[in-house]
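All you need for our numbering is the position in the sequence shown, starting with 1, plus 503.
Glycine included, every Cβ here is placed at the ideal spot set by N, Cα and C.
Structure record follows, encoded as structure tokens.
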Amino acid sequence: MINLDTPLKNLPRVTPKYVKTLEKLGLLTVQDLLFHLPFRYDDFRRTVGLSEDFLDQNVTVEGKIVKAKNIRTWKRRMTVTEIFIIDENETELKAIWFNQPYVLDSLVVGSTIRLSGKLLLNDGVFSMSNPAWERATRDATNTGRLVPIYPETKGLTSKWLRWQIKDLLPLAQDLPDVLSAEIREKYSLYDIFTALTQLHFPESREKLLRAQKRMAFQEMFLVQLQTQKIKKDWAGKNSLPIAFNEKLIQNFVKKLPFTLTDAQRKASFEILKDLEKSRPMNRLLNGDVGSGKTIVAAAAALEAVSAGSQVAIMAPTEVLARQHFESFCELFKDYNFSIALLTNSYKLTCHPERSPYSDAVEGSASEHHQQYHKADSSTSLRYAQNDRKKLIEKIKSGKINLVIGTHALIQKDVAFKNLALVIIDEQHRFGVAQRAALQQETAGIDDGNRQTIPHLLTMTATPIPRTLSIAFFGSLDLSILDEMPKNRKPIITTVVAPEENHKIYTLIKSEIKKGRQAFVILPLIEESLSESMIDVKAATQEHERLEEKVFPEFKLGLLHGRLKPKEKEDVMNKFKNKEFDILVSTSVVEVGVDIPNASIMIIENAERFGLSQLHQFRGRVGRGVHQSYCFLFSQKKSERLRILEKTNDGFVIAEADLKLRGPGQFFGVVQSGLPDITMENLTNVKLIKFAREEAAIILNDDPQLKKHPVLAEALQKFSEHIHLE
Ligand code: ADP
Ligand code: MG
């Protein structure tokens, strides 16, 4: 008997070749396959009689096969399968397929079939090229409906998946439902069987949307359950209270070469107040790129270290960790703290020196961080390499006050003596929903004192609309930097139509000749969570085109997700050192490093991105003294993109984006493997609030989910899916 837990390899229709491919996708059981969801649909619902009215449209045509043959073209070494059908009005249509000679076996003259595809007219004859097809007697699966398209993987076609899933779908009736009948009724949500049926083989757009809404609600409900469960555990724990030392902070602020913005002041105050409590802080600091989060974090770190405790700071990449290390060494160089950078490649400590010359081991402090310091400071910095083992020992014994690293810092063998505060930067890389997991790990850090857990400050540069964060977090511990330092020149942003591209290229040339540098950002072509080879190829080709045809006089670098970390860093360092004038990069690569000299950005096919994402990209320019530009190359005229011409305020843009594309995009990496599309359809912010309320009701009554085994199991599975790196 086949059931939900049956391994796919035991199914007679799944041959060993497929088992391997399915395993690669993490699909092991029947249940896994049922949750492998389409990411888009071809709309072949319109079944029509052949007519010029439908030219260039996607339609379905039904007809009788009157001729069928394979033609070999020796020149191009191809087989073309060619058939003719006549529809009920005796109108003829020619359909051809390339290099699939075997389809002829099924296309028997005299039988009736359905063909779906784009209708063309060649030499007066209707035609379709590579149409989807099936026998007219069959249930519409590949034609004549909303046809599901699954994320493509080599060796696994959507057609094959449809065939399997259609057959197995009735088993979904046995799935336990994570959402109770009560909740489903309250919010008119489909049960899980109906939802999966409509997701794989939707009967209509409306039913598809309802199904997506149900999955989005479920996702949000699980996120809420997990977040609140951890929050409850967390609230019951103790942390080291750190007294608010006003004098210390005043002195620190006074020495900065700028005055704090009101937003920075307020956020610092909120955080320092939290630190005073013996209940662990769990606060999110949300502020646009460049809003000055580092200083706010530094004030918190300063208090903790001055009180005799240790602080750990984490960044998502080694490059960013190193940048923070340099910033904090500068900021604290008059304080006699020991600061260390510990990542896979770095084991550094920094040492302030009075002499004007430094015998740096690993290069001296980089210039751009000097801005944190008054010009008259005579102290310089020396960076020293350390033995990893010895450094870890120093952290454990408390000789190091401040440790900076990547997220791996809290997962590895590092233990502390008295860790009071953990700061996690650029948390958006992990997604808002993954905070809970970070929190759990933070609680698990060995701080040498089992009675307390550290205070946690997470920082994100993705402005989250206020309405959304309140819906999501409820009574929230959120500090917002919604004000930019006064000295900023707004980035000039322009939407550019294809026929204007050359003008922009000319402008860029003149800027580069003046010594500036430029980014060119390319969107992903394939809709998938990671970068595919197609995207890498496209980036490589564009790099080549720009280098040969457009900017032959300049040096161009190329950055994409398939490069090894070391290679990426190499490319970025070369760009930073001006060995490249232009950096062509795919959008998945995080160019986190500050390159103040880069003042121009082109974003190609900008219409493919969300506004918030575009705003994030352009944040990489405008970091220096030069006027910066962002050019949004767009195939289509788009009013949406004009919002970016009008404002540089990330929160305003985020609100607009929330209205346009829904809240899914603000939650970062999709956790349960549901495609983005599902989250985008969670357009109703209220739904998030409802999910939070329902989760709270359940947890209040049953904090350990003992009475809700289905939920407990779903949650278990859900956390296993969260990948932090
Ligand atoms: P982010 O929020 O992106 O982390 P940073 O903390 O890196 O921003 O700050 C960006 C730059 O702005 C730094 O060079 C910092 O020295 C500077 N800065 C921070 N606060 C202010 C301020 N109040 N006035 C002027 N410059 C500031
Ligand atoms: Mg920052």
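heavy atom of ligand 1 below 7 Å from residue i C-beta
i	result
A738	no
G793	yes
Q1219	no
N990	yes
A964	yes
L763	yes
G1127	no
G1153	no
G790	yes
Q560	no
Q753	no
Q731	no
Q767	yes
Close beta carbons around residue i, own chain, < 6 Å, minus the five adjacent residues each side
i	result
G1176	For G1176, the pLDDT reaches just 41, beneath the cut-off of 50, and the residue's location in the model is therefore unreliable, leaving the point undetermined.
E655	none
F975	I1191
A918	K899 and D949
H1226	Note that H1226 scores a pLDDT of 47, beneath 50, so its modelled location is shaky; the value from the coordinates is reported in the next line. There are no such residues.
G552	D590 and N592
Short Cβ contact (8 Å threshold) for residue i with residue j
i	j	result
L1059	I1085	yes
E1011	C1133	Reading off the sequence shown, one finds Ile at residue 1011, where the question assumed Glu. No, they are not a contact pair.
I1024	I1103	no
Q1044	A1101	no
A810	L960	no
N561	M581	no
A824	I898	no
N645	A635	yes
P783	K750	no
H958	A911	no
R1236	A639	Since the first and last residues shown for the chain are 504 and 1228, residue 1236 lies out of range.
S841	I926	no
L845	L805	no
S500	G647	Residue 500 is absent from the structure shown; the chain starts at 504 and stops at 1228.
Proximity test, residue i beta-carbon vs ligand 2 heavy atom, cut-off 7 Å
i	result
K1067	no
T797	yes
D1160	no
D928	yes
Other residues of its chain near residue i: CB distance less than 7 Å, five sequence neighbours each side excluded
i	result
E585	K572, I574, K597 and I599
A698	A714, R717 and M718
A863	Caution is warranted here: a pLDDT of 45 is assigned to A863, below 50, making its placement in the model unreliable, and the coordinate value is therefore given only provisionally. Cβ neighbours of A863 beyond the five flanking positions: R885 and Y886.
S869	In this prediction, S869 has a pLDDT of 49, which is less than 50 and means its spatial position is unreliable; what the coordinates show is noted afterwards. So the list reads E829, once near-sequence residues are dropped.
A1042	L1025, L1061, H1063, V1087 and T1089
G795	T764, Q767, L984 and P988
E1148	T996, T997 and V998
K877	Caution is warranted here: a pLDDT of 46 is assigned to K877, below 50, making its placement in the model unreliable, and the coordinate value is therefore given only provisionally. Excluding positions up to five away in sequence, the list reads K758 and P760.
G901	Q813, K920 and N921
E865	Confidence is the limiting factor: at E865 the pLDDT is only 44, short of 50, which leaves the residue's position unreliable, though a coordinate-based value still follows. Answer for E865: L851, Y886 and Q888, listed in chain order.
A801	F831 and L834
Own chain partners of residue i with C-beta closer than 8 Å, once the 5 adjacent residues on each side are dropped
i	result
Q1219	none
L1049	V1023, L1059, I1085 and V1087
L678	L507, Q534, L537, I695, F696 and L699
Q1130	K992, I995 and S1102
H827	T797, I816, A818, I907 and D928
Distance cut-off 7 Å: residue i Cβ against heavy atoms of ligand 4
i	result
I586	Judged by which ligands are present, ligand 4 is missing from the structure shown, whose ligands are ligand 1 and ligand 2.
Closer than 8 Å to chain B by CB, residue i
i	result
N748	Chain labels in this structure do not include chain B; a single protein chain is all it has.
For the 8 Å Cβ check, are there 3 or more pairs between the stretch 978-987 and the stretch 786-798?
yes
Kindly provide the ranges of any beta strand (DSSP E) runs that are 3 or more residues long and lie completely inside the stretch 791-847, ordered along the chain.
813-818 and 842-845
Is it true that the stretch 610-627 meets the stretch 569-584, where meeting means three or more beta-carbon pairs spaced less than 8 Å apart?
yes
Contained alpha helix (DSSP H) runs [length at least 4] in the stretch 956-1002, N- to C-terminal order:
969-976
3-residue-minimum beta strand (DSSP E) runs that sit fully inside the stretch 504-547, ordered along the chain:
543-546
Quick one: any contact between the stretch 1197-1208 and the stretch 723-735, if contact means 3 or more CB pairs under 8 Å?
yes
Could you say if the stretch 1072-1089 and the stretch 1114-1121 meet the contact criterion of at least three C-beta pairs nearer than 8 Å?
no
Minimum length 4: unbroken alpha helix (DSSP H) runs contained in the stretch 568-628:
Runs of the alpha helix (DSSP H) lying entirely within the stretch 568-628 and spanning at least 4 residues, in chain order: 606-609.
Pairs of beta-carbons, one from the stretch 767-777 and one from the stretch 940-951, closer than 8 Å: are there three or more?
no
At a cut of 8 Å, does the stretch 1122-1130 reach the stretch 985-1004 through at least three beta carbon pairs?
yes
Which complete beta strand (DSSP E) runs does the stretch 1067-1120 hold, if anything under 3 residues is left out?
1085-1089 and 1101-1106
Should the stretch 545-557 be called in touch with the stretch 521-531, which here means at least 3 C-beta pairs below 8 Å?
no
Which ranges does the beta strand (DSSP E) cover as unbroken runs of at least 3 residues, wholly within the stretch 677-711, from first to last along the chain?
none
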